[in-house]
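Protein chains: 4
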Amino acid sequence: MTYSVAVSGASGYAGGEILRLLASHPDIEIRTVTAHSNAGQPLVEHQPHLRSLAHLTLQDTTPEILAGHDIVFLALPHGQSGQYTDALGATPLVIDAGADHRLTSQASWDAFYGGDFHEPWAYGVPELLVGGTKQRETLRTATRIAAPGCNASTVSLSLAPGVAAGVIDSGDIVSVLAVGPSGAGKSLKTTLLGSEILGTANPYAVGGTHRHIPEIRQALAAASGAAPEGIRISFTPVIVPMARGILATSTAPIVDGVSDAEIRAAWEHAYEDETFVQLLPEGHFPRTADVLGANTALIGLAIDRAANRVTVVTAVDNLVKGTAGAAIQSMNLALGLPESRALSVNGVAP
Amino acid sequence: MTYSVAVSGASGYAGGEILRLLASHPDIEIRTVTAHSNAGQPLVEHQPHLRSLAHLTLQDTTPEILAGHDIVFLALPHGQSGQYTDALGATPLVIDAGADHRLTSQASWDAFYGGDFHEPWAYGVPELLVGGTKQRETLRTATRIAAPGCNASTVSLSLAPGVAAGVIDSGDIVSVLAVGPSGAGKSLKTTLLGSEILGTANPYAVGGTHRHIPEIRQALAAASGAAPEGIRISFTPVIVPMARGILATSTAPIVDGVSDAEIRAAWEHAYEDETFVQLLPEGHFPRTADVLGANTALIGLAIDRAANRVTVVTAVDNLVKGTAGAAIQSMNLALGLPESRALSVNGVAP
Amino acid sequence: MTYSVAVSGASGYAGGEILRLLASHPDIEIRTVTAHSNAGQPLVEHQPHLRSLAHLTLQDTTPEILAGHDIVFLALPHGQSGQYTDALGATPLVIDAGADHRLTSQASWDAFYGGDFHEPWAYGVPELLVGGTKQRETLRTATRIAAPGCNASTVSLSLAPGVAAGVIDSGDIVSVLAVGPSGAGKSLKTTLLGSEILGTANPYAVGGTHRHIPEIRQALAAASGAAPEGIRISFTPVIVPMARGILATSTAPIVDGVSDAEIRAAWEHAYEDETFVQLLPEGHFPRTADVLGANTALIGLAIDRAANRVTVVTAVDNLVKGTAGAAIQSMNLALGLPESRALSVNGVAP
Amino acid sequence: MTYSVAVSGASGYAGGEILRLLASHPDIEIRTVTAHSNAGQPLVEHQPHLRSLAHLTLQDTTPEILAGHDIVFLALPHGQSGQYTDALGATPLVIDAGADHRLTSQASWDAFYGGDFHEPWAYGVPELLVGGTKQRETLRTATRIAAPGCNASTVSLSLAPGVAAGVIDSGDIVSVLAVGPSGAGKSLKTTLLGSEILGTANPYAVGGTHRHIPEIRQALAAASGAAPEGIRISFTPVIVPMARGILATSTAPIVDGVSDAEIRAAWEHAYEDETFVQLLPEGHFPRTADVLGANTALIGLAIDRAANRVTVVTAVDNLVKGTAGAAIQSMNLALGLPESRALSVNGVAP
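Protein chains in written order, with UniProt numbering: chain A, 1 to 350; chain F, 1 to 350; chain Z, 1 to 350; chain B, 1 to 350.
Quick look at the structure:
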């Protein structure tokens, strides 16, 4: 069968990437695309790269227009998707690319986001270790899915094998991410202007204020079985001059007494059967270019005994594996389709 | 008086930047520029931005040609400057931009560089805390100066105030640096091609192998009075698509019981009188664009109690404050000239 | 049926892109990948983005290893493919991404390339107007195909409708192209280093020396039925800091007496049924980002009566529509497969 | 003596660059900086690279605040500087970085800008040929100066020698410019976002609509003594991913019968005594990196007999030689100071 789809926020970066991937999905008919201020305009005015969707016009983002599809993607600013939830009660599958349904802890929501708290949905990172299984199992039966934060899923996938296996100490994690500006969306802010981005590296949300921190702590707690309170992370994102991509360098202390082989085995074991999360051979580390446009997370692992820390370097495309690809992969699971449909494992390089 | 100068390695990036800065120095006459394979060619063929030096021709890099100047700058690949040291015995001031004279520990040299070990020279980072004073004092009487490694001096300046004041624990430092490819020099390597650098973030020397690690440990040991062995650092550089610049994010555990005010005071006190190392106001963090072409290190400091770590973000231009500017600033000190002569505190932005 | 394929030059940019596209082609089995100095190494060492081909090892580029496949792609430096032609006499389909078989005029070959002249093969630009038909027709029965020069096909597609329709004067064309450095290949040249490419625009082959000039003249002569001698073009490529992409701005004098409608109709008529060459609506012009990774050429057309010139701005991905995509599209035609198989019309943006 | 200066539009790119250059000018005291919506904030919040001006606070842009200085720089959006002209009647020297006082033809103003027409001021391009002399002479006695449009002055300097000498035909000029986004100012437009600028080339104002066209025609008419109506130019700017810089490729037909030597002599003669406009040796062409931060225009000249066109490639830093540097150079002339004071001929590269 062919599933009818509506995508809201279709003029933005996350919405555009959902559409790019869906456009090559053989089981999907993109029936409706919506936006706010841009409603009434051709989609291609705002997404000029989506040539195969040149026939679509942006409609208003209203519950009425979104209702009546098999699948609805919400790619709205944080705090806005909650209002559509009730109206979409009859929609078989709803996938939210925003943050509204990611956190299980209202206290974390209040501390990092604020505004109305919404119930958590199935978290859209299939490869994430959860107890003795993977998040994939939950997604197979999900009807409401929260796509992950791009930085959060990158760091969580980086470290979950180590915390689950007990070979690293999750109480003193340090993550520093080189990120492209598309993760900040198509927002008109001076700091996001090309002249401010080109030729420079620019940190933001330094010192523990980034909204993805509680999401990482929640995911690593789920992976390890520990309480989120025990997971501490120093998290610093740095915007660098590439439109897309996250290169996350994460380090954590090595637990006393574990061997190099035990450490490496944790990651090997976690991802050996995965298509889209791959551990590189020893001594190899990924570049974001290797995963541009792909749904792949590439992981390089180093054991630094002098520093007594494991260093995990992970590359993802923030708009694919970090957002839209995670959403489509989760959709495939929920629909019982092959998990990798319409998703590429190969990047576009150079 | 006017000092005559020879610059070796003049066709490379470090040599070029030394020349750019010297070209506007009123007390300096650039008399001789040398290179290896490019000898005989006009300097401007290799440094087309140095229009005011269009009259200079690259000569061979030989002891004879370098001798007989008041000042000689060596901007050669690591391991090559030692051979010129003897021949320059009569030269009043020699400044090496390479690594050969930076390390005091032969064991560290052997472990990270190899080849002949050379005696350490005065370390060219004037603002660095050393015991109860600053490195500036040593430089005032120096006749042989080792300009610092760009990454090393950036991290050392970032953390020295905290370790000297005893407010952070130097036993578990984590530094991740976004760096431009010019730090790797004008080397013909596939990984340094534009197509490989554009649009991507690329880590290298992951897991404790970078050659600047012992230099950082040495500098922080000097700052704190502790032994280098006690200083442990997880160090990961990531090449990002900007020609110049280092944005170093360094974190270290907060020592038990110190207050936020005590932490901040350590950095304020260390740099309050400095022109070229500036602590930004609370909540402000630097971009590399802010120091492009300038001899300035800008430091932002965050205290992250949830992670129990201090986060220090420092921006420098790797070719200026990281190399050539440090060399000129040190030269000014050694010559008794105003320390800031020919050095700009303002960056070129956007 | 499934066709077996060998790709030579598989460690380079053109070879890598051919492999990226073929990897998702349902009728193709990539059996053999070859290289010169890199033979014996895993393909993925040189193409780390091609995760689905991680099982392949680079073999030597010899006639023996290339022979015995249904299809052979030659992605070799100019002048090197000729030597394999004889040995591949029994190969049903050979596609050369190099220049050796593009030019019909030995005089042009001698003037711009030199070395042995090889017979021309079917030119791999299906949408190109040739007399009253299109190049596609020739490709349907071709067994030897010359993929185009990326700059040449971009300019030829830009202007062929106008010269074929007689609305512009091909005697005084001016084309200036912003191009990414990947078009120059993975060559170890100082001018191609990241530090030399970032943050700067750099012209090359200024003043009529670029090797794609005779190829453009040949194509436009074929489109118009005129002699190549009558076609004159001022052609200047400028390398800009994007890994991929060509944005060609081409202008030509308007023929006296033609109306705006007649001009626009020439392009509309030429490309109205084409998937991969699209004329944008009036007042719209393309960006290279719109076609990144896609096989699409997007064309914007302006009629500047004050300057008495038509301005045509065309965006292509030099590695796809400019090289590898053109090769695959031509292959599809020669095999009788759907022309667009394994080729995307949508770009990857932002 | 020291001249007191006020700079309006100090939070923008042009204003920031004027301040960067003035900050190192020994005869200038920057007394007042003004802005509109940002008034009341520290200058360094908006210009974090101007460390030496950290003591300045942005004031309101009002005639009262701007009055009472020896020199006032207006760096305001086009159409806004006229309102301050009357109030600054007593100010000895006023320099407008906007367009309001550049055009001598009201018809051109009406066609390309609209709104109130203002009288033309002395045009701030000292090296521009004007009749038998240079624009410098007018500037020596000027009290009101219009700094040039960055694209306009680049193209005018490129071609003025040829049209003045009568060796090229100004009736069919074609110019295509690769430009950085800082030329568009710090405007909050989606097309100027980093995600839209990185990795792509983007044309704008295609087809004869760019506002710098009449300014070029006016300048070349002044150089040649011909009427502006006879000067026709096809002009296309393309935004490329570099924060600063213009690389202008301009071509014009060669006049029948002139020799190569005569052509080259026109440019050599025009600029042989100039510091800031330099003709490169035959076969050499400039990159924008060569002039980053410098007040230099570098010109490469090719004679393409096959195309019957001269090709002139010129690199400038749009914010320096294109705007702020031109303003300071003109100021120096008007004040009787050395023309090059506070202006660098050397670029910052790589």
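We put the beta carbon where it would ideally sit given N, CA and C, even for glycine.
Asked, Found
"Any beta strand (DSSP E) of 3 or more consecutive residues that is wholly inside the UniProt domain \"Semialdehyde dehydrogenase NAD-binding\" (4-136) of chain Z", "28-35, 58-60, 71-74 and 93-96"
"C-alpha distance - G185 (chain A) paired with A201 (chain A), whole-angstrom precision", "18 Å"
"Run of the alpha helix (DSSP H) containing T154 (chain A), from where it starts to where it stops", "C150 to A165"
"Contacts that Y204 (chain A) makes with chain B (C-beta to C-beta distance below 7 Å)", "The contacting residues do not exist; Y204 (chain A) stays about 13 Å from chain B at best."
"Neighbourhood of R309 (chain F) by C-beta distance below 7 Å, restricted to the same chain and skipping five residues each side", "T251, A252, P253 and I254"
"Separation of G245 (chain B) from V240 (chain Z), as counted between CA atoms", "11 Å"
"I303 (chain F) versus T311 (chain F) - alpha carbon distance", "6 Å"
"Alpha-carbon spacing of G322 (chain A) relative to S153 (chain A), whole angstroms", "7 Å"
"Boundaries of the alpha helix (DSSP H) in which S330 (chain F) is found, first to last residue", "G325 to L335"
"Assigned secondary structure, R309 (chain A) (DSSP; H/G/I helix, E/B strand, else coil)", "strand"
"Cβ neighbour criterion (16 or more within 10 Å) applied to D100 (chain A)", "buried"
"Sequence-distant residues of its chain with Cβ nearer than 6 Å to S81 (chain Z) (five each side left out)", "L74, D96, G98 and D100"
"7 Å Cβ shell around G12 (chain B) - same chain, five flanking residues per side excluded", "A75, G185 and K186"
"Chain Z within 8 Å of P181 (chain F), Cβ atoms only", "yes"
"contact_flag[the stretch 16-33 of chain Z, the stretch 84-92 of chain Z] where n(CB pairs < 8 Å) is 3 or more", "no"
"Spatially closest choice to S234 (chain A) from F:A334, F:L292 and F:V313, by CA coordinates", "F:V313"
"Coil, strand or helix - P214 (chain A) by DSSP", "helix"
"In DSSP terms, what T138 (chain B) is bridged to", "Beta-bridge pairing links T138 (chain B) to no other residue."
"Cβ contact check for the stretch 143-162 of chain A and the stretch 215-222 of chain A: 3 or more pairs under 8 Å", "yes"
"Against chain B: residues of the stretch 240-261 of chain A by CB proximity under 7 Å", "P241, M242 and A243"
"Boundaries of the alpha helix (DSSP H) in which R264 (chain F) is found, first to last residue", "D260 to Y271"
"Proximity of P120 (chain F) and T104 (chain F) at Cβ, strictly below 8 Å", "yes"
"S195 (chain B), enclosing alpha helix (DSSP H) - first and last residue", "G194 to I197"
"R211 (chain B) burial status per 10 Å Cβ neighbour count (16 or more: buried)", "buried"
"Same chain only: Cβ atoms within 7 Å of Q106 (chain B), ignoring 5 sequence neighbours per side", "F117"
"Any beta strand (DSSP E) of 3 or more consecutive residues that is wholly inside the stretch 163-187 of chain F", "173-179"
"CB contact below 8 Å: E196 (chain A) versus chain B", "yes"
"7 Å Cβ shell around D260 (chain A) - same chain, five flanking residues per side excluded", "I303"
"Three-state secondary structure (DSSP) of L220 (chain F)", "helix"
"Contacts around T61 (chain F), its chain only, beta-carbon distance under 7 Å, and the 5 residues preceding and following it disregarded", "S8, T34, A35 and H36"
"Anticipated Cβ contact below 8 Å, A294 (chain A) with V258 (chain A), distance rounded", "With 8 Å as the limit, A294 (chain A) and V258 (chain A) do not qualify as a contact, their Cβ atoms being about 32 Å apart."
"Chain-ordered neighbours of T104 (chain F) on chain A, where CB pairs are closer than 9 Å", "None at all; the shortest Cβ gap to chain A is about 18 Å."
"For T296 (chain A), the nearest candidate out of A:E262, A:E339 and A:R264 (CA to CA)", "A:E339"
"The beta strand (DSSP E) enclosing P253 (chain B), as first and last residue numbers", "I246 to P253"
"Cut-off 8 Å between Cβ atoms - residues of its own chain near G336 (chain Z), not counting five sequence neighbours on either side", "R140"
"Assigned exposure category for R287 (chain A) - 16 Cβ within 10 Å defines buried", "buried"
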